[in-house]
Amino acid sequence: MTFCIYLTHPQVQIDPEVPVPDWGLSELGRQRAEAAVQLPWAASIRHVISSAERKAIETGEIFVRSFGLPVTPIEVLHENDRSATGFLPPDEFEQVADQFFAHPDQSVRGWETAHGAQERIVSGISACLADIEETEPVLFTGHGGVGTLLKCHLMNVPISRSHDQSGGGGCWYRFEKSDLLKQTATGLSWERLSTE
1 MTFCIYLTHP
11 QVQIDPEVPV
21 PDWGLSELGR
31 QRAEAAVQLP
41 WAASIRHVIS
51 SAERKAIETG
61 EIFVRSFGLP
71 VTPIEVLHEN
81 DRSATGFLPP
91 DEFEQVADQF
101 FAHPDQSVRG
111 WETAHGAQER
121 IVSGISACLA
131 DIEETEPVLF
141 TGHGGVGTLL
151 KCHLMNVPIS
161 RSHDQSGGGG
171 CWYRFEKSDL
181 LKQTATGLSW
191 ERLSTE
């Protein structure tokens, strides 16, 4: 059975003048992304699929340099759509993100709903895996918001920010392809990339 890793992009270069999907990784983010190639599962990966956002693509590109694999960007795997507000200062962003998770059927300040984003990421991941051999492990590089929503689906638990990654991103968890349908994953916890 195919095992999968969902890895979120680490720290980004914040630029209020640039659309959020076009932000790239910061120097610290790049250093932390490089740490992924040392993880026990890294050499087993046969496919790298990313969100089409720049920071997720860059995370995938840093990983594949060591293994000679292509990165396949998939548009539907993007972070929850926050284009209605664009950039928000950190404190304000955290408040809106809290509301996003707390009220998953409501569009908070024009954001995509959490349930809508969850359905999108689950169907997108499922579609990607449908064309991959059962024996070929897959790395998905993406985002904390939709990664948390995917995690909630895999464990069959209500959407809650209590399942979110820690600040700074660059976190990952492992799941089985069968978890997408069975929703019986247990003990999924975010593991954090380190530069140490």
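Position one of the sequence shown corresponds to residue 1 (this note's numbering), numbered consecutively onward.
For each residue, glycine too, the CB sits at the ideal point set by N, CA and C.
All values reported here derive from a predicted model rather than from experimental measurement.
Cβ-based neighbour list, residue i, same chain, cut-off 6 Å, excluding 5 preceding and 5 following
i: Thr148; result: His163 and Asp164
Limits of the unbroken alpha helix (DSSP H) element including residue i
i: Phe61; result: Going by the sequence as given, residue 61 is Glu instead of Phe. It spans Arg54 to Val64 - the alpha helix (DSSP H) in which Glu61 sits, taken as one unbroken run.
i: Phe93; result: Pro90 to Ala102
i: Val201; result: Residue coverage of the chain in this structure runs from 1 to 196, which leaves residue 201 outside it and unanswerable.
Sequence-distant residues of its chain with Cβ nearer than 7 Å to residue i (five each side left out)
i: Thr195; result: Gln31, Arg32 and Ala35
Residue i - DSSP class collapsed to helix/strand/coil
i: Thr72; result: strand
i: Glu207; result: The structure shown has nothing for residue 207, since the chain only spans 1 to 196.
i: Thr186; result: coil
i: Gly145; result: helix
i: Leu180; result: helix
Enclosing beta strand (DSSP E) for residue i [first to last residue]
i: Val20; result: No beta strand (DSSP E) contains Val20, which DSSP labels as neither H nor E.
i: Phe67; result: Careful: Phe67 lies outside any beta strand (DSSP E) and carries neither H nor E.
Nearest-angstrom beta carbon gap, residue j and residue i [assumed within contact, 8 Å]
i: Leu150; j: Val108; result: At roughly 20 Å, the Cβ-Cβ gap does not stay under 8 Å, so Leu150 and Val108 are not in contact.
i: Arg192; j: Gly167; result: Not quite, the Cβ-Cβ distance comes to about 10 Å (not below 8 Å), so this is no contact.
For residue j and residue i, the rounded distance between their alpha carbons
i: Leu69; j: Ile45; result: 9 Å
i: His143; j: His78; result: 7 Å
i: Phe101; j: Ile49; result: 25 Å
i: Ser160; j: Phe140; result: 22 Å
i: Ala84; j: Gly24; result: 21 Å
i: Lys55; j: Glu61; result: 10 Å
Sequence-distant residues of its chain with Cβ nearer than 8 Å to residue i (five each side left out)
i: Trp41; result: Phe3, Ile5, Pro137 and Arg174
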